[in-house]
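Here is the structure we will look at, set down as structure tokens.
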Amino acid sequence: MADRTALVAAARRCLGTPFRHQGRQPGRGLDCVGLIVCAARECGLADYDVTGYARLPQGDSMKEHLLAAGLLPRDMPSARPGDVLLMRFTREAQHLALMTERGVLHSYQQVGRVVEHRLDDAWRGRIVGAYAFPEFD
145 MADRTALVAA
155 ARRCLGTPFR
165 HQGRQPGRGL
175 DCVGLIVCAA
185 RECGLADYDV
195 TGYARLPQGD
205 SMKEHLLAAG
215 LLPRDMPSAR
225 PGDVLLMRFT
235 REAQHLALMT
245 ERGVLHSYQQ
255 VGRVVEHRLD
265 DAWRGRIVGA
275 YAFPEFD
């Protein structure tokens with residue numbers, strides 16, 4: 145069974161992949177959900193996936209899908225590398241990132257690709273929840 149390090153490594157293999165809404169092809173196109181889905185599949189952690197969603201999900205739909213995929217909510221202070229962070233840029237939660245020992249790794253539409261960067265105060269302020277794969281608890 146994969147561990148946190150393997151999940152982060154799988155996601156890092158996608159660095160530089162172009163952003164594509166609902167993308168599920170590492171190296172060709174991923175969105176923030178697709179990055180998590182593909183890394184989790186590669187590690188044998190989950191095979192849950194939903195497509196057909198809007199660019200700006202409404203309400204708690206992203207949280208509901210994280211729970212439906214079997215991820216477990218955790219307090220942000222106890223979040224560790226390999227945990228999935230639910231974020232918002234506006235009022236609604238609409239973005240996912242993977243926590244790493246360096247910060248966060250995500251497919252970021254504004255820069256057009258999968259990136260990894262530090263988790264500064266501005267990014268911390270966007271976090272509305274942290275979730276762990278049950279194998280990691």
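For what it's worth, my numbering labels the leading residue of the sequence shown as 145, then goes sequentially. Cβ atoms here follow ideal geometry from the backbone N, Cα and C, with glycine treated the same way.
- Query: What distance in whole Å lies between the Cβ atoms of R168 and G178, which are believed to be in contact at a cut-off of 8 Å?
  - Reply: About 5 Å; that satisfies the 8 Å criterion.
Self-check item: Own chain partners of K207 with C-beta closer than 7 Å, once the 5 adjacent residues on each side are dropped
Solution: Contacts found: L230, A237, G273.
- Please work out which residues of its chain come closer than 6 Å, Cβ to Cβ, to G173, disregarding the five sequence neighbours upstream and downstream, and give them in chain order. Around G173: P162, R164, G167.
Open item on the list: Taking the straight line between their C-alpha atoms, what separation do you get for R218 and R157?
Closed with: R218 and R157 have their C-alpha atoms some 26 Å from each other.
Would the stretch 242-251 count as touching the stretch 186-198 if we require 3 or more Cβ pairs under 8 Å? Taking 8 Å as the limit for Cβ pairs, the verdict is that the stretch 186-198 does not touch the stretch 242-251.
- With burial defined as no fewer than 16 other Cβ atoms inside 10 Å of the residue's Cβ, what is the status of D227: buried or exposed? D227 comes out buried.
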